[in-house]
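Reading through the structure tokens given below for one structure.
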Amino acid sequence: MEYGKWMRLDNASNIFLAARNDIDTKVFRMTAEMSDSIEPTILQDALNHTYDEYPLFHSVLRRGFFWYYLERNDVNPRVQEEIESPVSPIYKTDERNFLFRVLYKENRIHLEVFHALTDGTGALWFFEDLITDYVRLRYAKQQNAGGEKAKREKEDIEDSFNRYFKEKKKTTRFDRFIQPLSELYKEQRANGSFVPKITDAPTDKKVYQIKGTVNPDHRPRIILLSMDVKKALELARNEKVSLTIYMTALYILSVYQAREKEEDETTISVSIPINLRQFFPSVTVRNFFSTTSVDYTFKEGKAIDFNAICRKIDDQFKAQLEKESLENRLKRHIEFEFHPAARVILRPIKDFFLKVVNKLNNRKVTVAMSNLGRVHLPDEMAEYVDNLYFYTSVIRPQFCMVSYNQILNICFTSPFTETDIFQKFVENLTAAGLEVTVDANQVTNEELSGK
Amino acid sequence: MRTCPRCETTVKGTWTVCPLCQTTLKIEGEAEKGEPSSFISPPLKFNRQKAVQVFFRISLGLVLLYLVIQYFWTFEYFGLEYVLLGLLITWTMIVILVRKRQNIAKAIAYILCFISIVSVYFDYLNGWTGWSITFVIPILSISSLIAVYISIRVVDLKIEDYILYLQLVVLVGLIPLLFLLMDWVEHPLPSIFSVAFSLVLFVGVLLRYRTMVIRELQKRMHI
């Protein structure tokens, strides 16, 4: 992409732009804790180098009459010292800002990314390359520091949503016009309901919504839990589920335990993003993910069976991961994006509609989680990188988990000051025999003044 | 090391109570230090609860003030609607200027459109004397064009960022042509000036930056 060149946003990005607000900035952050304090000039050199290899990261976001679009910028990004609270807004209307920033403080390097640019996987590639370059430059004198960087296989600006889910053979405009609507109609008929359902939520039940005191200056409450990954895996294995499912189930349980039961039935649902690259072969750096949601209904007075929660959500999760069901849903999303009527609606109106759809979707979600899995750095690198974790801005309490170097990092972020749910979560973990280290940020004046 | 006896966790940072359950932490060993936290603690930028309180207090105060004034003095010289409209314009202008501060050409274009509409409305309120279309819109268009011209010389702005807004201002400047053709104006001079000035600029910009204008339009109008 040369200077002044532009491209369309991918299918997932439009919703981030419509849904972002002061509290949920749609920014996520990755942090690497290094063994020594950071040398800003070397980090800048590393950034220059990595930046050259990622054309997508050269983009700025602009607004058109009908759509947002990405346009190539011609200046170089600068590393900055961290002075603001985490995940503060990156995209500001009318400013030609990069959609990411690289920050440093003491021994930590942060990468903050606006979600319309890329997803966790794309950002992690960039971040890994950045710290690899940094280690290589910083410890050049030591033998073999960082080693030679392996060339990463990636497609920088490919829109994989379009590659896999956009129908190419459709002949007439009329077909394209009618197709998504008629499919939606067929689906409604099959469900026996006549009112069109525009959200993707699998449950029709009323879903519990977490309420709380919004943090004074909208910075998120962040609770970072670190524990031994092997012991955590063992716990999950005892329940015969994956670590993702185990922690999700524990989270559901903690929400239920922490909050008052208002009704006979309490349905708690968790939204979980899925990396589509594992189902539809792609090495795109851009967004390529979808979300699923699992839920569990507690009945007042009935004993809680943790294993039953695990089983139930494991089944739901697996069913939603079926390639066909993923494909159908994404095809529909794409069909709506490219629907002739949708295309000619002015952007502010589109934004408004997406906001409404997003609000409706949110009513079917209690909490969210996101798992990046295991991050593996080459042995020569691991020596210089002590820990690595990530978290995101949120509209509801959410955790992000990633394991690195035998440490499992679970990072909760919440727009609310209250910590009762996380306290229950930790209590459940320690009760199961895990040793947990807690690190939290300060969000209220009382906490900041050290009361 | 700081530990929480209730949660059975190790706590990083300088907390004296557990950040999760508020139990007083047990401090052992090198008591003062503990493991440093990974989070920085910048002071609050603003305080949501306080801001809401202040906003409500001020609003309440204003309402009371208004009622008191209304009681003693019944606005003999001019109607309250002018005061309210004036306030509305002030706030709208502030919002436009703050939001569009990054692109001065855009801010001028928006303000031109806004003031034009408001002046027509005022004229209508006053029983339509036609001063808005005779004087305000043509003169405002000419001055906006001059303002855009000066500001893009002063402020470092890329051509592609202002060219479309320049053309937008030019198009507003061409509207008085309609007034002339329909014979709505008593004094045609301001309109003639506005139309002539805008036309020259419009053609000039098109001749010089044609490819740029087309490219910007393609980019911004893609469907």
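Residue numbers (our numbering), protein chains in the order written: chain U, 1 to 451; chain B, 1 to 223.
No residue lacks a Cβ here, since even glycine has one placed at the ideal position from N, Cα and C.
In whole angstroms, what is the alpha-carbon distance linking residue i and residue j?
i, j, result
"residue 230 of chain U", "residue 406 of chain U", "7 Å"
"residue 129 of chain B", "residue 141 of chain B", "20 Å"
"residue 403 of chain U", "residue 390 of chain U", "10 Å"
"residue 131 of chain B", "residue 117 of chain B", "13 Å"
"residue 113 of chain B", "residue 96 of chain B", "11 Å"
"residue 254 of chain U", "residue 138 of chain U", "43 Å"
"residue 223 of chain U", "residue 87 of chain B", "45 Å"
"residue 156 of chain U", "residue 163 of chain U", "14 Å"
"residue 296 of chain U", "residue 313 of chain U", "7 Å"
"residue 298 of chain U", "residue 266 of chain U", "5 Å"
"residue 250 of chain U", "residue 428 of chain U", "8 Å"
"residue 258 of chain U", "residue 426 of chain U", "12 Å"
"residue 345 of chain U", "residue 124 of chain U", "35 Å"
"residue 106 of chain B", "residue 126 of chain U", "35 Å"
"residue 263 of chain U", "residue 360 of chain U", "22 Å"
"residue 124 of chain B", "residue 109 of chain B", "23 Å"
"residue 65 of chain B", "residue 20 of chain U", "38 Å"
"residue 243 of chain U", "residue 44 of chain U", "37 Å"
"residue 364 of chain U", "residue 269 of chain U", "7 Å"
"residue 166 of chain B", "residue 144 of chain B", "9 Å"
"residue 27 of chain U", "residue 236 of chain U", "30 Å"
"residue 307 of chain U", "residue 7 of chain B", "23 Å"
"residue 77 of chain U", "residue 5 of chain B", "46 Å"
"residue 12 of chain B", "residue 348 of chain U", "45 Å"
Cβ of residue i less than 8 Å from any chain U Cβ?
i, result
"residue 26 of chain B", "no"
"residue 159 of chain B", "no"
"residue 210 of chain B", "no"
"residue 188 of chain B", "no"
"residue 5 of chain B", "no"
"residue 93 of chain B", "no"
"residue 115 of chain B", "no"
"residue 55 of chain B", "no"
"residue 60 of chain B", "no"
"residue 39 of chain B", "yes"
"residue 20 of chain B", "yes"
"residue 46 of chain B", "yes"
"residue 126 of chain B", "no"
"residue 11 of chain B", "yes"
"residue 102 of chain B", "yes"
Which partner residues of residue i appear in the DSSP bridge assignment?
i, result
"residue 297 of chain U", "U:267"
"residue 438 of chain U", "U:225, B:11"
"residue 370 of chain U", "U:400"
"residue 390 of chain U", "U:30"
"residue 414 of chain U", "U:221"
"residue 26 of chain B", "B:3"
"residue 92 of chain B", "Bridge partners of residue 92 of chain B: none, in fact."
Is the separation between the beta-carbon of residue i and that of residue j shorter than 8 Å?
i, j, result
"residue 216 of chain U", "residue 44 of chain B", "yes"
"residue 214 of chain U", "residue 416 of chain U", "yes"
"residue 16 of chain U", "residue 222 of chain B", "no"
"residue 109 of chain U", "residue 397 of chain U", "no"
"residue 190 of chain B", "residue 135 of chain B", "yes"
"residue 103 of chain U", "residue 60 of chain U", "no"
"residue 112 of chain U", "residue 6 of chain U", "no"
"residue 23 of chain B", "residue 438 of chain U", "no"
Step through the CB atoms of chain B and report whether any lies within less than 8 Å of the CB of residue i.
i, result
"residue 259 of chain U", "no"
"residue 339 of chain U", "no"
"residue 43 of chain U", "no"
"residue 127 of chain U", "no"
"residue 20 of chain U", "no"
"residue 437 of chain U", "yes"
"residue 433 of chain U", "no"
"residue 11 of chain U", "no"
"residue 413 of chain U", "no"
"residue 105 of chain U", "yes"
"residue 140 of chain U", "no"
"residue 216 of chain U", "yes"
"residue 418 of chain U", "no"
"residue 343 of chain U", "yes"
"residue 57 of chain U", "no"
Any beta carbon from chain A within less than 8 Å of residue i's own beta carbon?
i, result
"residue 69 of chain U", "Chain labels in this structure do not include chain A; the protein chains are U and B."
Could you tell me which uninterrupted beta strand (DSSP E) segments, each at least 3 residues in length, are contained entirely in the region 85–122 of chain U, listed from first to last along the chain? 100–105, 108–114
Please go through the region 13–58 of chain U and give each complete beta strand (DSSP E) segment of 3 or more residues, from N-terminal end onward. 27–34
At which residue ranges does the region 175–204 of chain B contain complete alpha helix (DSSP H) runs of 4 or more residues, listed in the order of the chain? 176–182
Secondary structure, alpha helix (DSSP H): runs of 4+ residues fully inside the region 111–150 of chain B: none
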